């Protein structure tokens, strides 16, 4: 069975600090996808990244970076120089191979507060 | 890019009535649609997976007679909450994947349901 654990329920940091959101996953599949989504107060899910299990390269997109470590089954997300607009709930998610009937399973989310 | 639209964004209904939420893929054919439910400050829980033209597959614990899902066309899936009760009040969000969406799953904006 697949499972995503986000141990940090809530994090508060002061603006301009760096912050890392942890994500640990479990799966028996060798082929899978990992995702990060941002959910602002309005509710919609904003897609941030999708990474397949064969690509362990770290990725950087502006102030966002992701560290994928298969050895520890982790896919952590770092925001550098945080801004108030980064305040949101962030979800890590897993999909065991995007077959026709496959689905995305979400972690419980980490609520991030960026304080001015 | 691909867009998935949900309607209505907000709905208030009386206890005992039924309410329908629509999920449309606007510029791709959605062969598979997923329905999620999110209680306040909680994660997204998958309710069911629907493939166009066939019956939806419900997750364990989700009442299929209460949450009717129809995926009659490649661009539209509907979720009907029948005989709604206050405990059905929640945020419902759909996602869609299609052949031409590059296996990417796109989420709708979500629908807030309040049963009074």
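Residue numbers (our numbering), protein chains in the order written: chain V, 636 to 751; chain G, 669 to 784.
We treat Cβ as the ideally placed atom computed from N, Cα and C, and that holds for glycine.
Please read all numbers here as calculations on a predicted model, not as lab measurements.
Alpha carbons only, please: which of the options is nearest the one belonging to residue i?
{"i": "residue 722 of chain V", "options": "V:666, V:691 and V:649", "result": "V:649"}
{"i": "residue 661 of chain V", "options": "V:741, V:747, V:643 and V:746", "result": "V:741"}
{"i": "residue 637 of chain V", "options": "V:646, V:656 and V:664", "result": "V:664"}
{"i": "residue 750 of chain V", "options": "V:731, V:718, V:724 and V:728", "result": "V:718"}
{"i": "residue 690 of chain V", "options": "V:710, V:680, V:696 and V:677", "result": "V:710"}
{"i": "residue 714 of chain V", "options": "V:647, V:641 and V:652", "result": "V:652"}
{"i": "residue 829 of chain G", "options": "G:699, G:703, G:729 and G:746", "result": "With chain G covering 669 to 784 only, the question about residue 829 of chain G has no answer from this structure."}
{"i": "residue 685 of chain G", "options": "G:757, G:780, G:778 and G:751", "result": "G:751"}
{"i": "residue 782 of chain G", "options": "G:673, G:687 and G:674", "result": "G:687"}
{"i": "residue 699 of chain V", "options": "V:720, V:683 and V:647", "result": "V:683"}
{"i": "residue 705 of chain V", "options": "V:688, V:645, V:646 and V:679", "result": "V:688"}
{"i": "residue 695 of chain G", "options": "G:708, G:712 and G:671", "result": "G:671"}
{"i": "residue 693 of chain V", "options": "V:712, V:725 and V:679", "result": "V:712"}
{"i": "residue 698 of chain G", "options": "G:748, G:753 and G:739", "result": "G:739"}
{"i": "residue 776 of chain G", "options": "V:647, V:724, V:642 and V:678", "result": "V:678"}
To the nearest whole angstrom, what separates the beta carbons of residue i and residue j, a pair I think is in contact under 8 Å?
{"i": "residue 650 of chain G", "j": "residue 760 of chain G", "result": "Any question about residue 650 of chain G goes unanswered here, given that chain G covers just 669 to 784."}
{"i": "residue 741 of chain G", "j": "residue 720 of chain G", "result": "7 Å"}
{"i": "residue 747 of chain V", "j": "residue 669 of chain V", "result": "Not quite, the Cβ-Cβ distance comes to about 19 Å (not below 8 Å), so this is no contact."}
{"i": "residue 745 of chain G", "j": "residue 676 of chain G", "result": "Actually they do not touch by this definition, with Cβ atoms about 15 Å apart."}
{"i": "residue 711 of chain G", "j": "residue 744 of chain V", "result": "5 Å"}
For residue i, count the other beta carbons within 10 Å of its own beta carbon; 16 or more makes it buried, fewer makes it exposed. Which is it?
{"i": "residue 765 of chain G", "result": "buried"}
{"i": "residue 707 of chain V", "result": "exposed"}
{"i": "residue 681 of chain V", "result": "exposed"}
{"i": "residue 689 of chain G", "result": "buried"}
{"i": "residue 738 of chain V", "result": "buried"}
{"i": "residue 720 of chain V", "result": "exposed"}
{"i": "residue 707 of chain G", "result": "exposed"}
{"i": "residue 678 of chain G", "result": "exposed"}
{"i": "residue 729 of chain G", "result": "exposed"}
If I measure Cβ to Cβ from residue i and keep anything under 7 Å in the same chain, skipping five residues before and after, which residues do I get?
{"i": "residue 654 of chain G", "result": "Residue coverage of chain G in this structure runs from 669 to 784, which leaves residue 654 of chain G outside it and unanswerable."}
{"i": "residue 735 of chain V", "result": "Model confidence at residue 735 of chain V stands at a pLDDT of 49, short of 50, so the residue's coordinates are unreliable; what they give is reported in the following sentence. Taken in chain order, the list of residues that qualify is empty."}
{"i": "residue 639 of chain V", "result": "658, 660, 727, 728, 729, 740, 741 and 742"}
Considering only residues of the same chain and omitting the five flanking positions on each side of residue i, which have a CB-CB separation below 6 Å?
{"i": "residue 703 of chain V", "result": "686, 691 and 710"}
{"i": "residue 700 of chain G", "result": "719 and 765"}
{"i": "residue 726 of chain G", "result": "716 and 732"}
Closer than 7 Å: is that where the CB of residue i sits relative to any heavy atom of the ligand NAD?
{"i": "residue 750 of chain V", "result": "In the structure on display, the ligand NAD does not appear, and there are no ligands present to speak of."}
What residues in its chain sit with their C-beta under 8 Å from that of residue i, if we drop five residues either side in the sequence?
{"i": "residue 754 of chain G", "result": "683, 783 and 784"}
Worksheet item: Are the stretch 704 to 721 of chain G and the stretch 734 to 746 of chain G touching, with three or more C-beta to C-beta distances below 8 Å?
Response: Contact check between the stretch 704 to 721 of chain G and the stretch 734 to 746 of chain G: three or more CB pairs, one atom from each, fall below 8 Å, which counts as touching.
Practice prompt. Give a yes or no on contact between the stretch 653 to 660 of chain V and the stretch 673 to 681 of chain V, applying the rule of three or more CB pairs nearer than 8 Å.
Written response: Touching, no.
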